[in-house]
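Residue numbers (the numbering used here): 1389 to 1649.
So the structure is just underneath, and the comments pick up after that.
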């Protein structure tokens, strides 16, 4: 299975570079989802169920939502875009790269501040971020990466962004921020709660309450030139189903009201 998926991923890299007039046989061309890396694990589980029910192969192109949006705007041939925020989806909508009427907000998440397990307890609240014991704060790039944008919005809302911005270590995505903390390259980091279990040597120092944090939105849409539009629509419908909702909730995501079609 690992070898099979490797072949499929190599194939999809070729597909992403094809021009608008190129075609690829359905036998070697799976449905491709460009998905925010923070959602990739849960989406893989949901996609596996979809594959078993439909015999449609799904390949995930996981990365930072800003990077994925840039790929789409550059002409990447994918079927479905699943962003970790509305801002990146708005970019591809403005560029005419998705079918707007298929756009749907599906999930939410929660920000937490983490540190290496040896430092858990030394930072207990947001005001501690301004103290001398915190020298480096890892977050996704606060100008473009959704998790970093959310973190900056929160820090601005509590009035300490200007005091801590010089400590910020911007990363290419939220998983890179988590890795920086685990490796000891940052004292603390802002990540999604759903990411914490992915690192063995990281623990939560404090949680940002959902009602006090930014409005996190994972939003999906079928692309405007999807090579497999019918299958992409079918997959999106499944991701809105009660079964998919349970998979996402088991992974720690918050299913938004009205998710089922």
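Note that the Cβ used here is the ideal one computed from N, Cα and C, for glycine as well.
Buried or exposed (CB count within 10 angstroms, at least 16 for buried), residue i
i, result
"residue 1592", "exposed"
"residue 1519", "exposed"
"residue 1443", "exposed"
"residue 1570", "buried"
"residue 1401", "With a pLDDT of 38 at residue 1401, under the threshold of 50, the predicted position of this residue should be treated as unreliable, though the coordinate-derived value follows. Looking at its Cβ environment, which holds fewer than 16 other Cβ atoms inside 10 Å, residue 1401 is exposed."
"residue 1534", "buried"
"residue 1554", "exposed"
"residue 1473", "buried"
"residue 1602", "buried"
"residue 1550", "exposed"
"residue 1575", "buried"
"residue 1413", "Because residue 1413 sits at a pLDDT of 34, beneath the cut-off of 50, its placement in the model cannot be relied upon, and the following sentence gives the value as read from the coordinates. Exposed, because fewer than 16 other Cβ atoms sit within 10 Å of the Cβ of residue 1413."
"residue 1451", "buried"
"residue 1537", "buried"
"residue 1568", "buried"
Unbroken beta strand (DSSP E) run spanning residue i, endpoints
i, result
"residue 1536", "Taken as a continuous stretch (DSSP letters only), residue 1536 belongs to no beta strand (DSSP E), being part of the alpha helix (DSSP H) at 1534-1545."
"residue 1608", "1606-1610"
"residue 1424", "1419-1424"
"residue 1468", "1468-1471"
DSSP bridge partner residues for residue i (one or two, in chain order)
i, result
"residue 1566", "BP columns for residue 1566 are empty, so no partner."
"residue 1495", "1606 and 1643"
"residue 1525", "1556 and 1576"
"residue 1450", "1423"
"residue 1598", "Residue 1598 pairs with nothing; no bridge assigned."
"residue 1504", "1590"
"residue 1486", "1611"
Residue i and residue j closer than 8 Å at C-beta
i, j, result
"residue 1476", "residue 1493", "no"
"residue 1421", "residue 1461", "no"
"residue 1458", "residue 1610", "no"
"residue 1623", "residue 1419", "yes"
"residue 1434", "residue 1627", "yes"
Extent of the continuous alpha helix (DSSP H) to which residue i belongs
i, result
"residue 1458", "1453-1461"
"residue 1490", "It is not in any alpha helix (DSSP H) - residue 1490 carries neither H nor E in the DSSP assignment."
"residue 1474", "1474-1482"
"residue 1428", "1428-1442"
"residue 1517", "No alpha helix (DSSP H) contains residue 1517, which DSSP labels as neither H nor E."
"residue 1618", "1617-1627"
"residue 1465", "Element bounds for residue 1465: n/a, residue is neither H nor E."
Reference residue i; option with closest CA among the options
i, options, result
"residue 1529", "1523, 1541 and 1521", "1541"
"residue 1522", "1533, 1531, 1509 and 1532", "1509"
"residue 1471", "1562, 1600, 1441 and 1512", "1562"
"residue 1599", "1512, 1496 and 1436", "1496"
"residue 1503", "1603, 1427, 1566 and 1605", "1566"
"residue 1620", "1546, 1450 and 1445", "1445"
"residue 1582", "1423, 1547 and 1639", "1639"
"residue 1515", "1500, 1506, 1537 and 1547", "1547"
"residue 1531", "1524, 1559 and 1513", "1559"
"residue 1513", "1568, 1483 and 1597", "1597"
"residue 1604", "1440, 1449 and 1498", "1498"
"residue 1437", "1643, 1524, 1629 and 1479", "1629"
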